[in-house]
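Heads up: the sequence shown begins at 699 in this note's numbering, then just goes up one per residue.
Yeah, the Cβ is synthetic: ideal placement off N, Cα and C, and Gly gets one too.
Written out below as structure tokens is the structure these notes cover.
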Amino acid sequence: MPGLPIGNSGSMKGLTVFVSDIRNCPNKEAENQRVEKELAKIRTKFASPKGLKGYDEKKYVWKLIYAYMLGYDIDFGHIQAVNLCSSTKYSEKNAGYIACSLLLQDNNDVLRLIVNACKADIASNNEHVQALALNCIANTGGSEFAENLYRDVARLLDKNTGATLYVQRKACMCLLRFYREVDSPEDLMSAEEWSHKINDILSNEKDVGMLTAAAGLLGGILEAGTTPPVEWTPAIPGIVVALSAMVTGECPSHYVYYRVPAPWLQAKLLRCLQFFPVMTCFDDAIIYRLNEVLGRILGKAVMEIQDQSIPKASSKKGPLKKNRGSSRADAERVNRSNAENGVLFEATNLIIHLGDECNADNRRTCVQLLGGFISSKEANIRYLAMDAMARMATAASSSMTSKGSGPHLDWVHQLNLFDKYKTVIVKQLHESDPSIQRQALNLLYAICNPSNWQVIVDELLEALASTSGPRPAPSSIDKFRESEPSAAAGIHEELILKIAILAEVNAPDPTWYVDVVFKMLEYSPESVSEDVWFRVVQVVTGFDNKDADDGTLDIVQQYAAEKAMEACQSSPYPHETLIKLAAYLMGEFGHFLVNAGKTTPLEIVNLLQKHINRVSAETKCIMMMCYAKLLNANPDDKDLKDEVLLIFEDYQDSLDCGLQQRACELSRLFTIGGDAMVETTLAMMPVYPIEAQENNPLKQRIKTQGKTRATTRKQLEEAAATEGGVYQQGDVKQDENLLSNNKPGKDLNAVPGSSPAPVVAGLAGPAPPSEGSVSSDESEDESDYDDEDDSRPVPPGVLWKRLCVSNQGSFFQSNSLHINMKAEYGHGIGRLALQFINKGEDVTISNIKTQVPPDTTGGFRVRSTALQPNTLEPGQQAVEYIQVECLRPFLQPPRFLVTFDVNGQGAKQLPMTLPCVLTKFIAPAAISAQQFLQFWQEMQTGGREAMVTSQAKVPYTQYEGYVSNAFNFHLIALPDAMANGAGGRVHTIAAAGTLLTRTPQPGQSGPNARNAAVACMLRIDTDLSKSPNTWMAQVRITARTAHPQVSRAIASIIASHLLQPSPRQDQGGQ
């Protein structure tokens, strides 16, 4: 039995008898009786401990341990176990520490009693005694152990302590336990100190066990995610040295596992390297050595595959010996393969992490190896190979997108390498294992490019078709569903989303996209979600694209309406999703079919009306809008009008309130509303803004795979809590962590202290008051108006700029009228109080009216109260309240028109713009530096980066005040190596925020609906090397957000305040 004292087992005869009795029990009831009897006896002995010797305590504690191992609750004997830890005999100390490790993990009060015993045993000269204490600490140690024993444990790793490697390995495990248990691990083990210690161990130590312990400690620290990996950069050279030694064969024979040198150590070291940002932490020498090491690993894998492909000579041994030898060889082959593959896949992950820094030969070899693994008989190998290849293809596509076309990219050749494996990948799509199916789908989605997209989409459609049969009549649905389940039925929704995205992005013309969508509705209508068919509506309706051809759009709309009519005609029982889409398309564009003579409006109504009793109230409302639009387009068709009005009348008594309201409204519209009202209400839908084309909501539902597999424990837990490859409608994808930092009721723009934000010249992004406004020229120098006591009125343009970076101040000044503003922002809402004051003498201001012209972009919603009174005598004042809600990203803030009459001399107009720029609706997001770096890396692709570079207009020492107070970002405490990079020649500021809107997330409604938000990351780099004058330094402002339009707006707004005019702007990725 493990842990028993060395020597004759008969020295504890009572324990031997007890174990034997338990084993001989005929049933569970007999075992319970025997254990309860023994526990009662031990309890009695411990109740009167006067005559109890150390030997007896040890024996009874072992019995308690054995009973605990059998699953019985042990709620006594804890003090006796603690007492044994202080014994001078090794066997008794061993029993005490093991009992404490097993029985006291949740009993912290009793555990405190062994702290001193552990402290004394750590200082012992006997390595076995030290090991007992360290084992106990590593299993049970909490924050109190860390506070009292950290220095003692850490001292064991010092060179001058003389601790053996055996003890030092266990000390590493204890330190990792401390790091995970304390509240502030970065204070307990500072990266500045321990990165050098770990680097020293990895660089100089030859013992593989010690290297594995040190690598495990570093890996655990990086996985904890409490400090940015950048702070542990000094440990990188040691990692590379240790890894190179293992790969080149500098490993003792007893650590070689089936001819693989220390595979666990190699895997740990490769994983550690993936935590470090490449551009920040890896210099040229490190990159060169890593490429060399990776080349060796890949070369060994290629040679091994070649050896396996060579046929072996047949054995001449007898059948029995042959079978035994074959099974042994098979077992060895499997074990060796597992070890080699473990190292190889971690090497692949590092190659993907290195990206462009990894040399071309290694990337090509890696793709070829992964392509071979996809055909493996083992499902785990196929899964890992497809996962790695998908991430590699995504990295290749991102590199091409960010750098553009050119001879510098070997990635182009790599993307072409993926094509040769399409057939094998498609076969995996028909596997019975859902995880294999999903990885195959991810890989096909990742390798799709302009040269192969049509083949891939056709294959995906074929896979979707193979999972579905002809739709049955409702009476036979149950029988139909009992048929054999299809191969990829479990990933239908994800399959449809990705087909829709690829078809829209790559289709030569929208009619091909329409065909694909109707095929999906034919094959698997149940899996076509609301956002899919609504995206079809957007594409067919069109976007506000100046390059679009109106004639082509008309052809697409007619084609879509025709396909909708054919789909409804061909199926006796069309799915409800198809009916929704068909009703919308035929209602909006049915006039094309009528004009072409393909049908009549009444036939369309009758076609849809056949299915009205099978659909929900929501779909019925869409159908009635279709009928109304058809009637509006054909007002002279008497039969159509009678039929449609009769349908409206039938549903005016519906029990569904929404359906009843829709029927009543439409009926009254046609009976008492004039032609102008009908035409205005039922006019064709306008095209969608161009931003809707750029920001496909379907793409936001796809769970993008990270470039690296080095993730923190928290990220792993979050990933394990979600299933599938897509987000459900309404889930927050990028911004949930950021939103959690925004506390309700907090003034998101409150500036500490009473002083306003600094005032600078420049226009904050959006346009100034429109032409005809009384504002001065926007280039006017604001320095002339800095004196608040100056009697001259300050031009409105200057006042507007000030209010863009503060929440209180003057909005308009003239000799007679002053308008002051006070604002507060939070949760996507801005509340403004405008104070109108008559500053004139013997002046009466009358007929004051304010108006906010309607927003045509849908970016915001404005509500205001009436100004009372609307006539101001000298010295009199009135207040108007305005509420602005951010609905979506916008560039132009709300317009504001004020008209008034001075002494009856005629109305004057003030065309103005409310200073509600986009940054006003940003809330600070208090995230760590590591979280910032992770978001920053994830947002580098997809056009989500905007960059502005120019000379500084404001000293860089004031930037932090602007970023936090004026633009409402949370400043990130970067490591000194990043905040003052290039030897102090580059000063960097990083910040995070969340753009909050009042638009519910897709699929959510009601008072508990969660509103959409956009994660925003900001970085400002100031180059101090070229100019010692901080006013003339070169500055680069980079904004990365989850929404490309937000990135551009934020970069433009901030640059207008901090940089000189006419900056060079780059909207692409780095």
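- Closest by C-alpha distance to residue 1597, out of 1546, 916, 716, is 1546.
- Cβ-Cβ distances below 6 Å link residue 1518 to 1508, 1533 in the same chain, with the five nearest sequence neighbours on each side left out; the list follows chain order.
- Comparing C-alpha distances from residue 1304 to each of 1719, 1564, 1672, 1277 shows the shortest one belongs to 1277.
- At the C-beta level, residue 1592 and residue 1612 come within 9 Å of one another.
- Annotation: the continuous alpha helix (DSSP H) that includes residue 764 extends over 752 to 767.
- In this structure, the beta-carbon distance from residue 1356 to residue 1326 does not fall below 9 Å.
- The beta carbon of residue 879 is closer than 7 Å to those of 839, 840, 841, 844 in its chain, skipping five residues each way along the sequence.
- Per DSSP, the continuous beta strand (DSSP E) segment holding residue 1509 begins and ends at 1506 to 1511.
- For the 9 Å CB-CB criterion, residue 1092 and residue 1144 form a contact.
- In the pairwise beta carbon analysis, the segment 1594 to 1609 is classified as touching the segment 1542 to 1559: at least three pairs are separated by under 8 Å.
- Assignment of alpha helix (DSSP H) within the segment 1368 to 1403, counting only whole runs of 4 or more residues, yields 1373 to 1379, 1388 to 1392, 1395 to 1398 in chain order.
- Taken through DSSP and simplified to helix, strand or coil, residue 1758 comes out as coil.
- Ranked by how close their Cα comes to the Cα of residue 786, the residues 740, 818, 976 have 818 in first place.
- Proximity to residue 1361 across 1381, 1396, 1317, 1378 peaks at 1317, based on C-alpha coordinates.
- In this structure, residue 1635 lies away from residue 926, with their beta-carbon atoms at least 9 Å apart.
- Counting along the chain, the unbroken beta strand (DSSP E) around residue 1698 starts and ends at 1684 to 1698.
- Counting only runs of 4 or more residues that sit fully inside the segment 905 to 977, the alpha helix (DSSP H) segments are 906 to 922, 934 to 945, 961 to 971, in chain order.
- Counting along the chain, residue 1160 sits inside the alpha helix (DSSP H) bounded by residues 1151 to 1164.
- Counting every other CB atom within 10 Å of its CB across the protein chains shown gives residue 1254 a total of 16 or more, marking it as buried.
- Residue 1622 has 1691 as its beta-bridge partners, per DSSP.
- Per DSSP, residue 1319 is one residue of the alpha helix (DSSP H) stretching across 1315 to 1331.
- Contact between the segment 1730 to 1749 and the segment 1641 to 1657 is present: 3 or more CB-CB pairs across the two stretches fall below 8 Å.
- Counting along the chain, residue 801 sits inside the alpha helix (DSSP H) bounded by residues 788 to 801.
- The way I'd put it, the segment 909 to 921 doesn't touch the segment 1684 to 1702; fewer than three beta-carbon pairs between them come closer than 8 Å.
- Excluding sequence positions up to five before and after residue 989, its CB lies within less than 7 Å of the CB of 1056, 1057, 1060, all in the same chain and listed in chain order.
- Residue 886 and residue 1550 have their alpha carbons spaced roughly 57 Å apart.
- Judged by DSSP secondary structure, residue 1598 falls within the beta strand (DSSP E) whose first and last residues are 1593 to 1600.
- Between residue 1495 and residue 1535, the CB-CB gap reaches or exceeds 9 Å.
- For residue 1308, the secondary structure class from DSSP, reduced to helix, strand or coil, is coil.
- Runs of the alpha helix (DSSP H) lying entirely within the segment 1198 to 1234 and spanning at least 4 residues, in chain order: 1208 to 1221.
- Comparing C-alpha distances from residue 1621 to each of 1652, 1595, 1662, 970 shows the shortest one belongs to 1662.
- Counting along the chain, residue 1515 sits inside the beta strand (DSSP E) bounded by residues 1515 to 1524.
- In the structure shown, residue 1733 falls within a strand segment according to DSSP collapsed to helix, strand and coil.
- In this structure, the beta-carbon distance from residue 794 to residue 813 does not fall below 9 Å.
- In the structure shown, residue 1544 falls within a strand segment according to DSSP collapsed to helix, strand and coil.
- Taking a contact to require three or more Cβ pairs closer than 8 Å, the segment 717 to 737 and the segment 760 to 771 qualify as touching.
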